[in-house]
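The structure appears below as structure tokens.
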Amino acid sequence: MNQFSPAIPLELEREIFETAAYSSPEVIRNLVLVAHRAYEWIDRIRYQTVSSHGSACPFRFLQQAIRSNSKTDDFFHDRVRNLFVDFMKDGIQRNDLPDVLSMCTGVRSLVLLGVTVEPLMSTYLRNLKLQRLSFFLIPGLVWIDPLYPVFASLTHLDLFDDLSNGSVDFPSLLADLALLPALTHLALFNVDPAELEPEDIPALKKIEVLVIMELSKPHYLSMYSFDDPRIVVMWLNNEEYAEDWLNGTRGDPDFWARAELFIGMRRREEIYPNSRCWIEPGDGV
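The opening residue of the sequence shown carries number -6 in the numbering used here; numbering runs sequentially from there.
This is the structure in structure tokens:
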């Protein structure tokens, strides 16, 4: 055997490298330096999840790769699947997005944290085929159009807007969201429980999970009491949310998975009282 030949079959070596990259993305930067063949195997995985919160591919790295023109036109379309853009962390400006969004048209999960995206919707977002979208909606209520391709396959939607200050016609918002054809999971931030009228929730017939998200644990959890088992109150700050999102991209449990487990427990009457809609440590979720 040639001294430069791999000591194990090439197929097994590739599987080992790819498994390491998927399970521990933080080591990708080192893996691609091992050998040219490792670079070829891992480079496509490197761009799969883009985030500055623990990903092997921060937004600026992706942006530089796009602007270098060193890849084929379909490279980023075929590889980038999860994109988390944190304007508050990365120093990103709104005008940084068009180049990235126009190339990463195969994205399935998109988070835009820290900016409203109304100006981007008609040009760069409307034709993406997303499954999960997290962003600030207001003042863009007028462009929730169920005919936009971006909403055709959207199953999970997180709205970061503060909905507790009375600035939104809440029944109208829910009515608009009810028109989205594939939506089954909805997360709303800082919702005043009084806004969730009993007649509003059943209107969202296709919604399987409705998460009321807070940045920290509410002082008076007792005000959150809903008989509808689909409603779950949870709390995550920005860093926790970003970490949770990364978990989901790796196939690990995220807040949606925990909410689904908790809803199942409520339906089986394993939660007492049954109107409790938040997860306690003893629930094992």
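Glycine residues also receive a C-beta, built at the ideal position from the N, C-alpha and C atoms. Bear in mind that the values here come from a model prediction, so they are computed numbers and not experimental data.
Please report the distance separating the alpha-carbon of residue i from that of residue j.
i: V184; j: Q57; result: 39 Å
i: N230; j: N240; result: 15 Å
i: R261; j: N88; result: 49 Å
i: K64; j: V43; result: 17 Å
i: C50; j: R223; result: 35 Å
i: R72; j: P142; result: 20 Å
i: M227; j: L76; result: 23 Å
i: I256; j: I1; result: 47 Å
i: D169; j: L90; result: 26 Å
i: L106; j: D276; result: 31 Å
i: S48; j: F80; result: 16 Å
i: Y217; j: D66; result: 50 Å
i: P274; j: E253; result: 16 Å
i: D154; j: T109; result: 9 Å
i: E33; j: W238; result: 27 Å
i: D245; j: P139; result: 30 Å
i: H178; j: V161; result: 20 Å
i: W249; j: L24; result: 31 Å
i: I38; j: V100; result: 14 Å
i: D36; j: F182; result: 36 Å
i: L5; j: N120; result: 39 Å
i: L147; j: V27; result: 39 Å
With distances taken from CA atoms, which of the options is nearest residue i?
i: H70; options: K122, R87 and D83; result: K122
i: L156; options: I205, Y117 and D276; result: I205
i: Y213; options: Y32, R269 and D67; result: R269
i: F219; options: A168, D247 and W271; result: W271
i: L113; options: G275, L130 and A175; result: L130
i: A171; options: Y234, K198 and T116; result: K198
i: D83; options: I35, L203 and H46; result: H46
i: V202; options: V225, F153 and F182; result: V225
i: R74; options: P91, L90, T98 and L3; result: T98
i: L3; options: L24, N23 and R30; result: R30
i: E233; options: R243, R101 and D247; result: D247
i: V104; options: T116, H149 and S61; result: H149
i: S102; options: A252, L118 and V108; result: L118
i: R125; options: L176, S209 and P139; result: L176
i: R243; options: V27, Q41 and Y32; result: Q41
i: S215; options: L147, L55, S209 and P186; result: P186
i: I200; options: L167, N62, F182 and A235; result: L167
Do we get a CB-CB distance below 7 Å when we pair residue i with the residues of chain B?
i: S44; result: The displayed structure is made up of one protein chain only, and chain B is not part of it.
Excluding five sequence neighbours on each side, which residues of the same chain lie with their C-beta closer than 6 Å to the C-beta of residue i?
i: F163; result: E188
i: V135; result: Low confidence applies here, because V135 scores a pLDDT of 49, under 50, leaving its location unreliable; read the following figure in that light. Closer than 6 Å at Cβ, skipping near neighbours: no residue.
i: F144; result: L173
i: I264; result: M258
i: E207; result: W228
Give the DSSP bridge partners of residue i, in chain order.
i: C50; result: V43
i: E207; result: W228
i: F77; result: V104
i: H178; result: H149 and V202
i: R125; result: S102 and H149
i: S218; result: R269
In this structure, does DSSP put residue i in helix, strand or coil?
i: A0; result: coil
i: T116; result: helix
i: T109; result: strand
i: T72; result: Here the sequence assigns Arg to residue 72, which means Thr is not the residue at that position. If DSSP states are grouped into helix, strand and coil, R72 belongs with the helices.
i: S165; result: helix
i: R223; result: coil
i: Q56; result: helix
i: I264; result: coil
i: L5; result: helix
i: P142; result: helix
i: D36; result: helix
i: T242; result: helix
i: K64; result: coil
i: S157; result: coil
Beta-carbon within less than 7 Å of residue i's beta-carbon, same chain only, minus the 5 sequence neighbours each way: which residues are those?
i: N267; result: R259
i: I85; result: F52 and V78
i: D151; result: S127 and A180
i: I59; result: F69, D92, V93 and M96
i: R251; result: I272 and V278
I'd like to confirm something about residue i: is its beta-carbon nearer than 6 Å to some heavy atom of the ligand ATP, or not?
i: A250; result: Looking at this structure, you won't find the ligand ATP or any other ligand, since it has none at all.
If you drop the 5 nearest sequence neighbours on each side, which residues of the same chain put their C-beta closer than 8 Å to that of residue i?
i: K210; result: W228
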